[in-house]
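In this note's numbering, the protein residues as written are 1 to 187.
Laid out in structure tokens, this is it:
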């Protein structure tokens with residue numbers, strides 16, 4: 001939990017994920033292998049990249065897609081397999097937490113809002129993934145020079161905030177939210 005409250009670490013690792021994905025996209029990644037050519041080594045390599053995502057701020061999907069694309073998979077195959085790899089992780093997390101959820105004193109009174117939130121989040125997740133996949137399939141991720149400049153300038157500002165612990169990255173701000181997190185966790 002200490003690593004997750006280290007704002008510089010999380011901000012830095014988020015930037016690492018972004019840089020890896022930008023480099024693969026920008027410098028001519030040419031993977032040609034489709035899902036029919038997916039093999040055990042691809043699964044192991046992408047699994048190792050998924051382990052890297054245990055670091056706070058490293059995107060699980062970003063790291064596994066990068067691992068697949070570095071192994072020669074086409075972008076769509078790496079993306080689809082990456083999302084498929086999330087299923088056991090998600091199921092494992094549910095299994096580990098279900099006991100705490102069922103034993104929660106609020107479950108008896110809040111079961112309906114929990115159920116509604118579960119259904120709505122499932123639907124929104126499905127729709128968001130459909131939208132994301134449609135953008136990726138159409139390859140609309142090539143930014144104009146103007147937009148690229150704007151994004152780079154805002155990333156510089158974000159990095160400055162992280163390095164100088166300003167805004168939402170200030171120690172006082174992080175401590176307030178971490179204290180709230182601990183209070184809610186201990187209820």
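Ideal Cβ placement from N, Cα and C applies to all residues, glycine included.
Computed from a predicted structure; not experimentally measured.
DSSP places residue 23 within a helical segment (H, G or I) once states are collapsed to three. By DSSP's assignment, residue 73 forms a beta bridge with 33. Put simply, of 60, 18, 68 and 168 the residue whose alpha carbon is nearest the alpha carbon of residue 155 is 18. A check of alpha carbon separations from residue 48 across 59, 63, 92 and 36 identifies 63 as the nearest. Residue 107 and residue 114 have their C-alpha atoms some 8 Å from each other. In the three-state reduction of the DSSP assignment, residue 93 falls in the helix class.
In the structure shown, residue 106 adopts coil according to DSSP, grouped into three states. Closest by C-alpha distance to residue 40, out of 68, 32 and 58, is 68. Residue 166 carries a coil assignment under DSSP once its states are collapsed to helix, strand and coil. For residue 159, same chain residues with a beta-carbon under 8 Å away, outside a window of 5 residues either side, are 11 and 15 in chain order. Bounds of any alpha helix (DSSP H) do not take in residue 55, whose DSSP letter is neither H nor E.
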